[in-house]
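Start counting the sequence shown at 171; every next residue gets the next number (the working numbering).
Below: the structure, in structure tokens.
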Amino acid sequence: MGYITLGALDVEGALPFYDAVLGVLGYRRGPLAGDWVFYAKDGAPGICLCKPFDGQPARGGNGAMIAFKADSHDLVKAAYAAALARGGTDEGPPDHRPPEAINGFYGAYFRDAAGNKLCVFTGV
Numbered sequence: 171m172g173y174i175t176l177g178a179l180d181v182e183g184a185l186p187f188y189d190a191v192l193g194v195l196g197y198r199r200g201p202l203a204g205d206w207v208f209y210a211k212d213g214a215p216g217i218c219l220c221k222p223f224d225g226q227p228a229r230g231g232n233g234a235m236i237a238f239k240a241d242s243h244d245l246v247k248a249a250y251a252a253a254l255a256r257g258g259t260d261e262g263p264p265d266h267r268p269p270e271a272i273n274g275f276y277g278a279y280f281r282d283a284a285g286n287k288l289c290v291f292t293g294v
């Protein structure tokens, strides 16, 4: 996979959220170019944030989700906290999935202001 594109009517207004969440995970933001910005991390797909081409509000997919791999439980917790501190909405706090597991998949879920569902996980 090369990159993922997420929509936001107010790209500049979305930057604090994505700077915080993706920054915890080691992504670097490029310059804002009109209604576009690109985040990069060595060895990972890029993240493009842009205004939808049709000018309509971005809509989170029903059943679609973007998942970002973290290197530790602490980074999952930090990204989740950063998301909620910057206006994200909770879709599932950091925990093992299923919750009774003591190892394996560990993740947290949240949505951005446009309704895009995101996950940060480790352990797979």
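All C-beta atoms in this analysis are idealised placements derived from N, C-alpha and C, irrespective of residue type, glycine included.
Use the C-beta contact count for F280: other C-beta atoms within 10 angstroms, 16 or more gives buried, fewer gives exposed.
buried
So, is N286 buried or exposed, given that buried needs 16 or more other C-beta atoms within 10 angstroms?
buried
Could you tell me whether the region 213-225 touches the region 178-194, where touching means 3 or more Cβ pairs closer than 8 Å?
yes
Between G196 and K211, is the Cβ-Cβ spacing less than 9 Å?
yes
Under a three-way DSSP split, which group does L176 fall into?
strand
Report back the beta-carbon spacing between Y276 and P263 to the nearest angstrom; my notes put them in contact at under 8 Å.
Not quite, the Cβ-Cβ distance comes to about 11 Å (not below 8 Å), so this is no contact.
Excluding the 5 residues preceding and the 5 following G204 in the sequence, name in chain order all residues of the same chain whose CB lies nearer than 6 Å to its CB.
none
Determine the DSSP secondary structure at P128, reduced to helix, strand or coil.
The structure shown does not extend to residue 128, since the chain is modelled only from 171 through 294, so no value can be given for it.
Residues of its chain near A198, where Cβ-Cβ distance is below 6 Å and the 5 sequence neighbours each way are ignored:
The question names Ala, but residue 198 is Arg in the sequence shown. Hits under 6 Å: A210.
Give every residue of the same chain whose Cβ lies closer than 7 Å to the Cβ of F291, excluding the five residues on either side of it in the sequence, and list them in chain order.
A237, K239, A240, V246, F275, Y276, G277
Is the beta carbon of A253 closer than 9 Å to that of L202?
no
Could you give the DSSP three-state label for G293: helix, strand or coil?
coil
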